[in-house]
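What follows is a set of notes on a single structure, which appears directly below.
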Amino acid sequence: MELGLQGARVLVTAGAGGIGRVVAEAFLEEGAIVHVCDVDDAALSTLPAGITGERCDVSDRAAVAKLFSGIGELDVLVNNAGIAGPTGLVEEINPEDWDRCLEICLTGQFNVARLAIPLLRKSSNPSITNLSSAAGRFGFGLRAPYAAAKWGVIGFTKSLAIELGGAGIRVNAILPGLVAGDRQRRVLEAKAQARGTPYAEVERQAMAYASVKEFVTARQLADQILLLASTRGRTTSGQAIGIDGDLQMLF
Numbered sequence: 010m011e012l013g014l015q016g017a018r019v020l021v022t023a024g025a026g027g028i029g030r031v032v033a034e035a036f037l038e039e040g041a042i043v044h045v046c047d048v049d050d051a052a053l054s055t056l057p058a059g060i061t062g063e064r065c066d067v068s069d070r071a072a073v074a075k076l077f078s079g080i081g082e083l084d085v086l087v088n089n090a091g092i093a094g095p096t097g098l099v100e101e102i103n104p105e106d107w108d109r110c111l112e113i114c115l116t117g118q119f120n121v122a123r124l125a126i127p128l129l130r131k132s133s134n135p136s137i138t139n140l141s142s143a144a145g146r147f148g149f150g151l152r153a154p155y156a157a158a159k160w161g162v163i164g165f166t167k168s169l170a171i172e173l174g175g176a177g178i179r180v181n182a183i184l185p186g187l188v189a190g191d192r193q194r195r196v197l198e199a200k201a202q203a204r205g206t207p208y209a210e211v212e213r214q215a216m217a218y219a220s221v222k223e224f225v226t227a228r229q230l231a232d233q234i235l236l237l238a239s240t241r242g243r244t245t246s247g248q249a250i251g252i253d254g255d256l257q258m259l260f
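And the structure:
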């Protein structure tokens with residue numbers, strides 16, 4: 010399928026590892042010009058040929074401004090940066106951990122988008138994809154900071170879609186469910202510890218609420234993002250798209 014992404018100028022936040030790395034490499038395969046930012050210096054040092062990168066904490070507005078000082082043109086923004094945040098009851102959560110989770114997962118998307126939008130207005134095929142989560146659709150016990158941030162991402166996405174539609178800028182959110190990888194494993198391990206439940210049982214219970222009982226892969230997320238950014242996605246905007254095996258709730 011021809012996606013029309015040859016030569017597209019793409020920025021992926023937190024793009025040196027994990028989901029972001031897979032997304033960046035998928036755009037590269039389509040012939041896009043890909044730049045990533047990340048806070049992981051070791052991961053940045055291993056980027057493949059064809060992907061450029063630099064250090065940037067998206068919660069730091071000065072660092073984001075520095076990032077954009079070197080970006081002259083932009084067609085696609087993938088707001089991927091995020092952290093898992095703390096696990097525990099609300100009354101037990103350190104307020105600093107709450108703040109940090111929202112600073113990165115929600116405010117970080119604002120910090121990047123506000124500087125990307127003037128560049129996207131000049132593009133012939135502009136798009137923003139924000140990473141939310143299934144936690145942005147359901148309540149999530151013991152993960153209130155993360156869920157609150159990801160609900161906020163959906164509100165931010167829909168508001169941007171309304172604001173930017175007249176400029177032809179599409180804005181969507183994707184909502185991954187249980188994603189294969191170390192981060193998901195650490196989240197489930199923390200929940201197992203908090204509940205005093207064996208890890209295997211927590212994993213079984215988490216999967217029990219999905220119609221398709223398998224982990225989502227990072228490549229499946231990347232494929233959806235590619236489609237949204239492509240010329241085939243020109244009329245898709247303001248959507249919160251679940252890629253979660255039809256989750257009915259989060260455990």
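Numbering (the numbering used here), first residue to last: 10 to 260. By construction, the Cβ of each residue, glycine as well, lies at the ideal position given by its N, Cα and C atoms.
Asked, Found
"Boundaries (first-last residue) of the alpha helix (DSSP H) holding GLU212", "208-217"
"DSSP-derived helix/strand/coil call for ASP47", "strand"
"Straight-line gap, LEU124 to LEU173 (C-alpha atoms, nearest Å)", "14 Å"
"The segment 21-36 / the segment 46-56 touching (three or more Cβ pairs under 8 Å)", "yes"
"Inter-residue Cα distance where the pair is LEU115 and VAL162", "6 Å"
"DSSP-derived helix/strand/coil call for ARG179", "strand"
"Given 8 Å, three or more beta-carbon pairs between the segment 175-188 and the segment 219-232", "yes"
"As assigned by DSSP and simplified to three states, the class of THR240", "helix"
"Paired residues, beta bridge with GLY251 - DSSP", "LEU184"
"C-beta contact flag for SER239 and GLY97 at 8 Å", "no"
"Sub-8 Å separation of ASP47 and GLY62 beta-carbons", "yes"
"Nearest-angstrom Cβ-Cβ length linking GLY117 and VAL67, presumed shorter than 8 Å", "3 Å"
"Continuous beta strand (DSSP E) stretch holding ARG64: start and end", "60-64"
"Strand pairing of ASN88, partner residues [DSSP]", "ASN139"
"Inter-residue spacing [alpha-carbon to alpha-carbon] between LEU3 and SER168", "There is no way to answer for residue 3, as the model of the chain reaches only from 10 to 260."
"Where VAL87 falls, given that 16 or more other Cβ within 10 Å makes a residue buried", "buried"
"Environment of LYS222 [buried if 16+ CB atoms lie within 10 Å]", "exposed"
"Boundaries of the beta strand (DSSP E) in which VAL19 is found, first to last residue", "18-22"
"Nearest residue (CA-CA) to LEU56, options ASP84, ARG70, VAL21, SER132", "VAL21"
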